[in-house]
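Engineer: Residue numbers (the numbering used here): 3 to 347. Don't be surprised by glycine CBs; every beta carbon is placed ideally from N, CA and C. Quantities reported herein were computed from a predicted structural model and do not represent experimental measurements.
#1: How long is the line joining the alpha carbons of residue 219 and residue 80, rounded to whole angstroms?
#2: Express the C-alpha separation of residue 287 and residue 223 in angstroms, rounding to a whole number.
#3: What span of residues does the beta strand (DSSP E) with residue 318 cover, start to end?
#4: Go to residue 259, then tell me how far its alpha helix (DSSP H) extends in each direction, as first and last residue.
#5: Specify the secondary structure class of residue 236 as computed by DSSP and reduced to three states.
#6: What span of residues does the alpha helix (DSSP H) with residue 169 cover, start to end?
#7: Given a threshold of 16 other Cβ atoms within 10 Å of its Cβ, counted over all protein chains shown, does residue 30 qualify as buried or as exposed?
#8: Thinking residue 211 and residue 344 are a contact (beta carbons under 8 Å), I'd like their distance in whole angstroms, please.
#9: Taking its Cβ as the centre, do 16 or more other Cβ atoms sit within 10 Å of residue 392, making it buried, or is it exposed?
#10: Identify every residue that forms a DSSP beta bridge with residue 77.
#11: Could you check where the alpha helix (DSSP H) with residue 286 kicks off and where it finishes?
#12: Let me know the secondary structure DSSP gives residue 156 once reduced to three states.
#13: Just how far apart, CA to CA, sit residue 310 and residue 318?
#14: Can you confirm whether the segment 297-314 touches the segment 134-148 when touching is taken to mean that 3 or more C-beta pairs between the two stretches lie within less than 8 Å?
#15: I believe residue 101 touches residue 111 by the beta-carbon criterion, under 8 Å. Please report the beta-carbon distance rounded to the nearest angstrom.
#16: Just to confirm, is the Cβ distance from residue 150 to residue 48 under 9 Å?
#17: What whole-angstrom Cβ distance do residue 169 and residue 186 have, given they're in contact under 8 Å?
#18: Do you know offhand how far residue 96's Cα is from residue 175's?
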């Protein structure tokens, strides 16, 4: 039930930033709302730009490697410097090669083959029910010119985001499912004039982005992290159910040995989880491990009470029945609270 609830809430509260461009009408409406810069003669030059992704992967949680094609269309008489900038690019190894240039009907078409690694932001709070928004930011090569890049929507047969325009149908990412793709705009306000005094009059960049929405396939994390945690929870409960001799001090040594061994197993898996996703805060699945730590300590404390304080009411009542009955309700209640905190509040 908690898994179904988490999946449902994940899809319901999904949000994305920026102005989505899904049709030529939406593009025209957005361009009409842009205030024209006073640089040059007050006219903004539009450069249609398109993207086609052929392969992608996550070399690490905070970056993505993309391969594909980027093309642009210029007026033959345009004096703009040909090309584009990818502000997220990291590392020295990158491929941006011009593969085609031709003039047709008064326009110059240029296509580049691109293979780059880009820095990405990633929120792993909802792991393993998390989504990632892969963003390819594309800026004009010369920021000092009054230029705006526009999506070359005419180059695509279908623009429905769920049909993933601009993405090779054979492109995939291990353990992730491609959901949607499309273009968007965000307004970037620079806090510097980049050393050019005239930029003080035009400190806003209407940045074009190509975005892919992907969802993690949670079967793998379930097998790697959820299954061991549930087995540890069952083993802890089984130890709690095993018969204990009240007043026997040897029970204290036994429970400490058992708790220490199980703790190290849980801690190793927990550490591997955080390393894999480069978690900064506490993720959804980590609440399961935190709850296991609490239950393990609680069971050890209960066995200690049985061994040292057998006259206490909680121990005497029907042979320590209360802790045994409360074990699974506390476990499920703790995960319910974590689910509501992560996906609702």
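Structural biologist: In short, the structure shows the following:
#1: Within the chain shown, numbered from 1, the residue matching residue 219 stands at position 217. Within the chain shown, numbered from 1, the residue matching residue 80 stands at position 78. Their Cα atoms are separated by approximately 47 Å.
#2: Here residue 223 refers to the residue found at position 221 when the chain shown is read from its first residue. Here residue 287 refers to the residue found at position 285 when the chain shown is read from its first residue. Roughly 9 Å separates the two Cα atoms.
#3: Taking the first residue of the chain shown as 1, we reach residue 318 at position 316. Not the beta strand (DSSP E): residue 318 falls in the alpha helix (DSSP H), residues 315-318.
#4: The residue given as residue 259 occupies position 257 in the chain shown. 252-279 is the span of the alpha helix (DSSP H), which, as asked, contains residue 259.
#5: For this step, residue 236 is matched to residue 234 along the chain shown. In this structure, residue 236 counts as helix in the three-state DSSP scheme.
#6: Position 167 of the chain shown, counted from the first residue, corresponds to residue 169. That residue, residue 169, is in no alpha helix (DSSP H); it is neither H nor E in DSSP.
#7: As a first step, residue 30 is located in the chain shown; it is residue number 28 there, counting from the start. Residue 30 comes out exposed.
#8: As a first step, residue 211 must be located in the chain shown, where it is residue number 209. As a first step, residue 344 must be located in the chain shown, where it is residue number 342. Their Cβ separation, rounded to whole angstroms, is 27 Å, which puts residue 211 and residue 344 out of contact at 8 Å.
#9: Nothing about residue 392 can be reported from this structure: the residues present for the chain run from 3 to 347 only.
#10: Counting from 1 along the chain shown, the entry for residue 77 is found at position 75. Paired residues: 109.
#11: On the chain shown, residue 286 is found 284 positions in, with the first residue counted as 1. Element bounds for residue 286: n/a, residue is neither H nor E.
#12: As a first step, residue 156 must be located in the chain shown, where it is residue number 154. Note: residue 156 maps to helix in three-state DSSP.
#13: As a position in the chain shown, residue 310 is number 308, starting the count at 1. As a position in the chain shown, residue 318 is number 316, starting the count at 1. So the alpha carbons of these two residues sit roughly 12 Å apart.
#14: no
#15: Position 99 of the chain shown, counted from the first residue, corresponds to residue 101. Position 109 of the chain shown, counted from the first residue, corresponds to residue 111. Incorrect: roughly 11 Å between the Cβ atoms, too far for contact.
#16: Residue mapping note: residue 150 aligns to position 148 of the chain shown, counting from 1. Residue mapping note: residue 48 aligns to position 46 of the chain shown, counting from 1. Cβ atoms of residue 150 and residue 48: closer than 9 Å.
#17: If you number the chain shown from 1, residue 169 lands on position 167. If you number the chain shown from 1, residue 186 lands on position 184. About 15 Å separates the two Cβ atoms, so there is no contact after all.
#18: Counting from one through the chain shown, the residue named residue 96 turns up at place 94. Counting from one through the chain shown, the residue named residue 175 turns up at place 173. About 20 Å.
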